[in-house]
Amino acid sequence: MRFEIRGENRLGITRDVVNVLTDQGLDIRAFEVTTHHIYADIPAIRPDRFPALAKALKQIPGILDITEIDRLPTERRRAQLHATLAALGDPVIAVDANGLIAQANPAAQAISTTPEQSLRDQNISSILNEPSIEDLRQGGFRLPEREVTLAGQTYLLQVEPIGHVDDGSDATDDAPWGGVMVFHRPARLGRVITALQDRRHTGFDDIIGTSRAMLRVKSQAKRLATIDAPILILGETGTGKELFARACHRASARADQPFLALNCAAMPEGLAESELFGYAAGAFTSARRGGKPGLLELADGGTLFLDEIGELSPYLQAKLLRVLQDGKFRRVGGTDEITVDVRIISATNRDLEAMSHDGTFREDLYFRINVLGITLPPLRDRVEDIADLAAFFIDRTAQQTERSTPRLARDGLDWLCAHDWPGNVRELENTLFRAVALLDGDVLGARDLADAANGTAPATEPRPRTPTDNADTAQDSPTPPTPQTDLIATALAQSDFNSGMDLLEREMLARLYPDYPSSRKLADRLGVSHTSIANKLRKYGIGT
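First residue of the sequence shown? That's 132 in my numbering, and the numbers climb one at a time after it.
Here it is, written out as structure tokens:
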């Protein structure tokens with residue numbers, strides 16, 4: 132039986148309790164003492180004998196209460212620790228200062244070469260060649276993250292020290308008792324990256340569009356998403372290919388696994404190869420120690436989206452083909468074969484079938500990635516969706532620039548529907564962002580949109596009202612020009628389009644910077660990368 136004794140913090144009270152237990156001939160299995168609490172585990176006590184024992188203990192001066200408990204505090208903490216370690220999918224091993232394994236969670240035990248034999252009390256060198264215990268001790272059980280091989284699998288190793296030995300010596304830095312070694316699988320890191328990047332959790336229902344063309348393609352994509360096979364998404368630039376790729380991933384059986392993306396046109400062949408396949412230790416001069424996993428490893432079990440796949444070089448096409456054939460590849464500079472289970476979703480605005488015929492794209496790779504196909508309609512074929520898209524982009528831009536949401540005048544909507552939009556939804560988004568960011572009033576009309584689409588600022592004189600304006604916004608009055616508007620218009624009149632965009636960026640950043648006085652805060656506010664904002668602030672001399 133286990134019980135708790137609550138009492139005063141009196142000198143000698145623990146000795147008095149032990150004397151009573153000894154006088155009754157009880158064998159104490161475990162005994163724990165904290166301030167105001169004494170815990171005991173005495174197997175010989177039967178339930179019918181406990182009231183008499185409790186009465187005898189209460190005769191001790193300072194004893195306040197005695198209650199039965201299910202576990203001692205140490206047992207409870209140990210059970211909680213074991214449950215926590217068991218819940219971790221990554222292998223976790225605790226070693227002492229001599230390299231002996233003191234604790235190993237089930238994930239670590241499962242990868243042991245002898246799973247039926249406990250890892251406890253074995254030397255860590257029996258399952259891990261590098262780093263050695265000497266390296267760990269020399270580093271105070273604190274080492275930079277590095278790649279290691281455990282039971283034939285690649286992991287990213289993280290080591291943290293456990294406590295310090297207080298031996299009463301005059302040493303200025305006591306040695307740790309040991310360390311905790313956490314082995315992260317690349318795919319688990321991929322899930323973390325996915326969780327940090329995919330904040331929108333885009334599904335098919337989140338994709339704006341109720342036109343017949345969009346309803347048809349969304350219905351087709353929903354059916355194909357559940358089939359675990361490669362998908363090729365075709366469509367003009369700016370039609371939302373990555374949105375559909377993310378939605379297909381979330382509708383698949385791999386939804387809780389990583390979703391990672393690579394733009395094949397955004398980097399040279401060598402960089403694209405290392406990003407896609409990773410590299411081994413010492414593969415090149417600037418390579419990170421221990422090597423680096425590529426996107427294929429990070430996406431293991433999940434989905435890899437290859438945007439603009441038509442831009443891949445013939446060499447990378449051949450390497451990718453083997454991954455699609457048998458799921459195997461080698462890192463850059465590596466000799467070991469790595470096996471992954473990754474679903475490939477590709478996208479392009481190029482005619483891959485024609486490229487495969489003229490030899491600029493491998494025909495066998497084309498057939499491998501085009502098992503399932505989706506073709507996205509251009510914006511001109513779904514004009515009915517422009518009103519909903521415009522409302523969404525106008526509202527989001529207003530939030531990003533911290534202004535009230537302007538209303539879209541009827542002539543403004545007519546202009547949007549009549550425009551050609553060769554850049555599709557992306558061009559529509561950019562045009563509306565410029566128009567809203569530069570708008571001085573609260574009504575967005577055709578003139579404002581035309582100026583934004585042409586890369587020019589609003590006119591310095593109020594634009595005349597049209598009958599369509601009055602029909603939609605009868606209570607609105609023209610907003611007079613401001614000195615700020617005059618400045619932008621004058622500068623743009625004397626510059627080319629790119630200079631105008633620079634001026635627009637400078638004006639917007641200068642307006643927001645006082646309220647978000649750091650590159651990180653401003654980047655978070657605008658929803659863009661910190662590096663991009665930092666470069667822009669330096670470029671325009673803002674905040675320096």
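Idealized CB from N, CA, C, for every residue including glycine. Quick caveat, the model's predicted, so the values are computed rather than measured.
Checklist entry - Looking at V311 and L267, is the spacing between their C-beta atoms short of 9 angstroms? => result no
Item to check | Local conformation of Y497 per DSSP, three classes | outcome: helix
Item to check | Under 9 angstroms between C-beta atoms of A352 and C379 | outcome: yes
Checklist entry - Nearest to L547 by alpha carbon, out of N561, L429, D387, S535? => result N561
Item to check | Nearest neighbour of R499, chosen from L520, L281, G458, V514 [CA to CA] | outcome: G458
Checklist entry - DSSP on N140, reduced to helix/strand/coil? => result coil
Next on the checklist: Using CA atoms only, rank isn't needed, just tell me which of L142, D655, D336, L640 is closest to Y671.
Outcome noted: L640
Item to check | Reduced DSSP secondary structure (H/G/I, E/B, other) of T233 | outcome: The residue asked about is misnamed: residue 233 is Ala in this sequence, not Thr. Here A233 sits in strand by DSSP.
Checklist entry - When we look at the beta-carbon of F523 and count the other beta-carbons within 10 Å, is it buried (16 or more) or exposed? => result exposed
Item to check | Candidates L152, D431, I293: closest to A228 by CA position | outcome: I293
Checklist entry - Taking just the CA atoms, how far does E638 sit from Q530? => result 17 angstroms
Checklist entry - Start and end of the alpha helix (DSSP H) containing R377? => result 372-381
Item to check | Status (buried if at least 16 other CB within 10 Å, exposed otherwise) for G425 | outcome: buried
Next on the checklist: Buried or exposed, going by whether 16 or more other CB atoms sit within 10 Å of the CB of N254?
Outcome noted: exposed
Item to check | Endpoints, the beta strand (DSSP E) within which V313 is located | outcome: 309-315
Next on the checklist: If the criterion is Cβ atoms closer than 9 angstroms, does the pair V473 and L507 meet it?
Outcome noted: no
Checklist entry - Is S383 closer than 9 angstroms to L437 when the C-beta atoms are compared? => result no
Next on the checklist: In the DSSP output, what is G504 paired with across the bridge?
Outcome noted: L363
Item to check | Neighbourhood of M486 by C-beta distance below 6 angstroms, restricted to the same chain and skipping five residues each side | outcome: F492
Next on the checklist: What residue range does the alpha helix (DSSP H) around A471 cover?
Outcome noted: Looking at the sequence itself, residue 471 is Val, so the reference to Ala does not match. Taken as a continuous stretch (DSSP letters only), V471 belongs to no alpha helix (DSSP H), as it is neither H nor E.
Item to check | Bridge-paired residues (DSSP) for A342 | outcome: According to the sequence shown, residue 342 is Ser rather than Ala. S342 is not bridged to any residue.
Item to check | Distance between N394 and P232 (C-alpha atoms, nearest Å) | outcome: Looking at the sequence itself, residue 232 is Ile, so the reference to Pro does not match. Using only the alpha carbons, I get a separation of about 44 angstroms.
Checklist entry - By a C-beta neighbour count over all protein chains shown, 10 Å radius and 16 as the cutoff for buried, is I159 buried or exposed? => result exposed
Checklist entry - Below 9 angstroms between beta carbons: does that hold for R137 and H167? => result yes
Checklist entry - How long is the line joining the alpha carbons of T408 and F390, rounded to whole angstroms? => result Note that residue 408 corresponds to Phe in the displayed sequence, not to Thr. When rounded, the distance between both Cα atoms is 16 angstroms.
Next on the checklist: Please state the DSSP three-state secondary structure of H213.
Outcome noted: helix
Item to check | Outcome for D617 when other beta-carbon atoms lying within 10 angstroms are tallied against a minimum of 16 | outcome: Interpretation of D617 is limited by its pLDDT of 37, a score under 50 that renders its predicted location unreliable; the figure taken from the coordinates is listed afterwards. Flag for D617 reads exposed.
Checklist entry - Excluding the five sequence neighbours on either side, which residues of its own chain have a C-beta within less than 6 angstroms of the C-beta of A583, listed in chain order? => result T562, R565, A566
Checklist entry - In three-state terms, what does DSSP make of D337? => result helix
Item to check | Assigned exposure category for A430 - 16 Cβ within 10 Å defines buried | outcome: buried
Checklist entry - Bridge partners of Q456, per DSSP? => result Bridge partners of Q456: none, in fact.
Checklist entry - For T562, which residues does DSSP report across the bridge? => result Beta-bridge pairing links T562 to no other residue.
Next on the checklist: Pull the bridge partners of H168 from the DSSP assignment, please.
Outcome noted: R137, T165
Next on the checklist: By the DSSP assignment, the alpha helix (DSSP H) with T662 in it spans what residues?
Outcome noted: 661-671
Checklist entry - How is the alpha helix (DSSP H) around I197 delimited, first residue to last? => result Where I197 is concerned, there is no enclosing alpha helix (DSSP H), although the beta strand (DSSP E) it sits in stretches over 194-200.
Next on the checklist: My output table needs one value for F492: the three-state DSSP class, helix, strand or coil.
Outcome noted: coil
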